[in-house]
Amino acid sequence: MCGVFGVYNSKTPAEDTFYGLYSLQHRGQEAAGIVVAEYDENKHKTIYRQHKGMGLVAEVFKDPAIFKKLPGHAAIGHNRYSTTGASKSTSNIQPFSLTYRSGNLAIAHNGNLTNSRTLRKELTERGIIFQASSDTEIIPHLAALSKEKEPVHQIYHALRQVKGAFSLVILANDQLIAARDPYGVRPLALGKTTDPDTGDAIFYVASETCAFDILSVDYVRDIEPGEILLIDKTSIRTHKPISLYLPPSKRKARCIFEYVYFARPDSLVFTHSVDKIRRNLGKNLARESMVEPSNDDKHQIVVSVPDSSNTAALGFVRESNKICRPARFEHGLIRNHYVGRTFIQPGKQSREIKVRSKYNIIRGVLQDRQIVVIDDSIVRGTTAKMLIKLIREANPKEIHLHISSAPITNPCFYGMDFPTKGQLLTYLFADTKDHDEEVEKIREYIGVDSLKYLSLQGMLNSAPRFENETQSYCTACFTGDYPISMDDATTDKEEYDNEE
Ligand code: 5GP
Ligand code: MG
Numbered sequence: 308m309c310g311v312f313g314v315y316n317s318k319t320p321a322e323d324t325f326y327g328l329y330s331l332q333h334r335g336q337e338a339a340g341i342v343v344a345e346y347d348e349n350k351h352k353t354i355y356r357q358h359k360g361m362g363l364v365a366e367v368f369k370d371p372a373i374f375k376k377l378p379g380h381a382a383i384g385h386n387r388y389s390t391t392g393a394s395k396s397t398s399n400i401q402p403f404s405l406t407y408r409s410g411n412l413a414i415a416h417n418g419n420l421t422n423s424r425t426l427r428k429e430l431t432e433r434g435i436i437f438q439a440s441s442d443t444e445i446i447p448h449l450a451a452l453s454k455e456k457e458p459v460h461q462i463y464h465a466l467r468q469v470k471g472a473f474s475l476v477i478l479a480n481d482q483l484i485a486a487r488d489p490y491g492v493r494p495l496a497l498g499k500t501t502d503p504d505t506g507d508a509i510f511y512v513a514s515e516t517c518a519f520d521i522l523s524v525d526y527v528r529d530i531e532p533g534e535i536l537l538i539d540k541t542s543i544r545t546h547k548p549i550s551l552y553l554p555p556s557k558r559k560a561r562c563i564f565e566y567v568y569f570a571r572p573d574s575l576v577f578t579h580s581v582d583k584i585r586r587n588l589g590k591n592l593a594r595e596s597m598v599e600p601s602n603d604d605k606h607q608i609v610v611s612v613p614d615s616s617n618t619a620a621l622g623f624v625r626e627s628n629k630i631c632r633p634a635r636f637e638h639g640l641i642r643n644h645y646v647g648r649t650f651i652q653p654g655k656q657s658r659e660i661k662v663r664s665k666y667n668i669i670r671g672v673l674q675d676r677q678i679v680v681i682d683d684s685i686v687r688g689t690t691a692k693m694l695i696k697l698i699r700e701a702n703p704k705e706i707h708l709h710i711s712s713a714p715i716t717n718p719c720f721y722g723m724d725f726p727t728k729g730q731l732l733t734y735l736f737a738d739t740k741d742h743d744e745e746v747e748k749i750r751e752y753i754g755v756d757s758l759k760y761l762s763l764q765g766m767l768n769s770a771p772r773f774e775n776e777t778q779s780y781c782t783a784c785f786t787g788d789y790p791i792s793m794d795d796a797t798t799d800k801e802e803y804d805n806e807e
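Going by this note's numbering, the residue at position 475 of the sequence shown is 782; the numbering climbs one at a time, nothing skipped.
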């Protein structure tokens, strides 16, 4: 997974992109980069400059002198997600930029292409040289090979050939292009402010709207699935970018996991409030829950696994009380904010240590209580198993683990960093005869008094409906039903493993 950001017609595009990426840090912590475009009036040419590096945005851009070297009117930026066990090659840091017959091009991508192997093979056979192993680099090469004259048409031509998930920000000479695949798998939003001196529009594009909030930019709308939006000099005068559209699909495949876990709750994603949908997930989980509060202590203590399940836990408590199952929200787990996401560490041992260094218990809150622990998802199962062990140290009366999503049974080929099937917890219990038996086995493995996953229908009921679509969401990681053809799909992880 990744975060992308773009800005057009700002006097400080590098700084804006820095703040945008800073708000999108949760979408990728492995590397960050910014490419800035500066139009040279005398030479009628656009010059690109860039700064990229491994690590968090604030680390990569910690020297203020960097921004002095990045003047211009437009910029794009990218946060790269850490893929477990991935090669930490710096050549994969985005945005990628290149020079070709029509000028300069730079690209940043959130998503994953599913026909990249075939395309890469074809291109390599035609003599194309690749600098990185990432699927993204295929797009500028296809654009460069296009017979079209205008960069936006070249991009259109390229995007008709690729399959999979893509939310893109592209610099093409002095222009900014934003594009989203016809299934709309990953989010991409358009924002705008007005330059107080000139009255001209300044446009912004970002994976999530929290990147607009930090810059006091207004959210305008989403880049639509299949839309290729061109922002250039004309758009800043007319305040209206123009669009081309890829062949539409009635079936959409917005990633439901963006709502479950990935996006920040203060963002709008797919035009809707993540906070609201995450509360709905908690609410529906409470409706599906079977745990009655024990008699001697009428209140259940509901504890969230901070921070990712805080919002779902609030929805859960509210709904529990509404349906006369008294519950009280408590902070029973404390998170150390200086530890990165648990996923990052390779190898099981260090992941376990990381869970312990990330969370601690408040004994007084948990002791002798009936506790419902809410988490948003179980992927490998490490977090849940370790956390429950930790909570047991406080001697609670009962521990009930409630998950605000369905069991994850399949890897993601569209950009989420889900491991191969064999690394998912559910794989251990793949030979069980039905869902109930599988959940029972997982319950035993994790060591809780009861385990409840939100049903797939409960998840879908929590998310907004979109009209005139046969289906709106991708739920492949829960169902194995992959909406976009997977000619030669690999997960990011497999791609890297082959390379190593
Ligand atoms: P597990 O230990 O089961 O592999 O991970 C589950 C925990 O990681 C949950 O608490 C959830 O909040 C978080 N999580 C779920 N999906 C992802 C993901 O794609 N990336 C990261 N870094 N964490 C995730
Ligand atoms: Mg979590």
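The C-beta atom is built at its ideal place from N, Cα and C for all residues, glycine as well.
The Cβ-Cβ distance between THR690 and PRO714 does not fall below 7 Å. In this structure, the beta-carbon distance from ILE400 to ILE446 does not fall below 7 Å. For the pair of segments examined, the segment 473 to 493 was found to touch the segment 520 to 531: the number of CB pairs separated by less than 8 Å reaches three.
Per the Cβ contact rule, the segment 678 to 697 is in contact with the segment 613 to 624 (3 or more Cβ pairs under 8 Å).
DSSP places GLN677 inside the beta strand (DSSP E), whose first and last residues are 677 to 682.
At a Cβ-Cβ threshold of 7 Å, PRO633 and LEU673 do not count as neighbours. The alpha helix (DSSP H) runs of length 4 or more contained entirely in the segment 445 to 510 are, from start to end of the chain, 445 to 452, 458 to 466. Restricting attention to GLY335, ILE373, LEU478, the CA atom closest to the CA of ALA381 is found in LEU478. In the structure shown, LEU553 falls within a coil segment according to DSSP collapsed to helix, strand and coil. Comparing C-alpha distances from THR777 to each of ALA321, LEU495, LYS559 shows the shortest one belongs to LYS559. Put simply, the segment 728 to 743 does not touch the segment 694 to 710. Fewer than three CB pairs are less than 8 Å apart.
Closest by C-alpha distance to GLN482, out of TYR388, SER542, CYS781, GLY434, is SER542. Each residue's CA atom was taken as its position, placing SER601 and ASP756 some 13 Å apart. Using a cutoff of 6 Å, the CB of SER615 counts as near the ligand MG, since one of the ligand's heavy atoms is closer than that. Taken in chain order, the complete beta strand (DSSP E) segments of 3 residues or longer contained in the segment 583 to 631 are 607 to 611. Collapsing the DSSP output to three states places SER404 in a strand. Counting along the chain, the unbroken alpha helix (DSSP H) around ILE753 starts and ends at 742 to 753.
For THR500, the CB stays at least 6 Å from every heavy atom of the ligand 5GP. Closest option to HIS707, judged by alpha-carbon separation, among THR739, GLU747, ASN422: GLU747.
Taking 6 Å as the cut-off, the C-beta of THR618 does not count as close to any heavy atom of the ligand 5GP. The ligand MG approaches VAL612 closely enough that one of its heavy atoms is under 6 Å from the residue's Cβ. Setting aside the 5 residues that flank it on each side, ARG772 is surrounded in the same chain by SER779, each with a C-beta closer than 8 Å to its C-beta; the list follows chain order. DSSP places GLU705 in the uninterrupted beta strand (DSSP E) bounded by 705 to 710. Under DSSP, HIS385 takes part in a beta bridge, and its partners are VAL311, GLY340. A straight line joining the alpha-carbon of THR786 with that of HIS579 spans about 24 Å.
Boundaries for GLU637: no alpha helix (DSSP H) harbours it, while the beta strand (DSSP E) harbouring it runs 634 to 637, taken from the DSSP string. Under the three-state reduction of DSSP output, THR786 falls in the helix class. Buried is the label assigned to ALA465, since at least 16 other Cβ atoms lie within 10 Å of its Cβ. Rounded to the nearest angstrom, the Cβ distance from CYS781 to ILE462 is 24 Å, too far for a contact under 8 Å.
Here the distance from the Cβ of GLY362 to the nearest heavy atom of the ligand 5GP is not below 6 Å.
Under DSSP, ILE535 forms a beta bridge with ALA486, LEU551. Beta-bridge pairing by DSSP links THR421 to no other residue. DSSP links GLN357 through a beta bridge to VAL342.
Counting only residues of its own chain and dropping the five nearest sequence neighbours on each side, GLY384 has a CB closer than 6 Å to the CB of PHE312, THR324, LEU328, ILE341.
By a beta-carbon distance limit of 8 Å, ILE669 does not contact ARG635. Their separation comes to about 14 Å.
Distance from the C-beta of ARG585 to the nearest heavy atom of the ligand 5GP is not below 6 Å.
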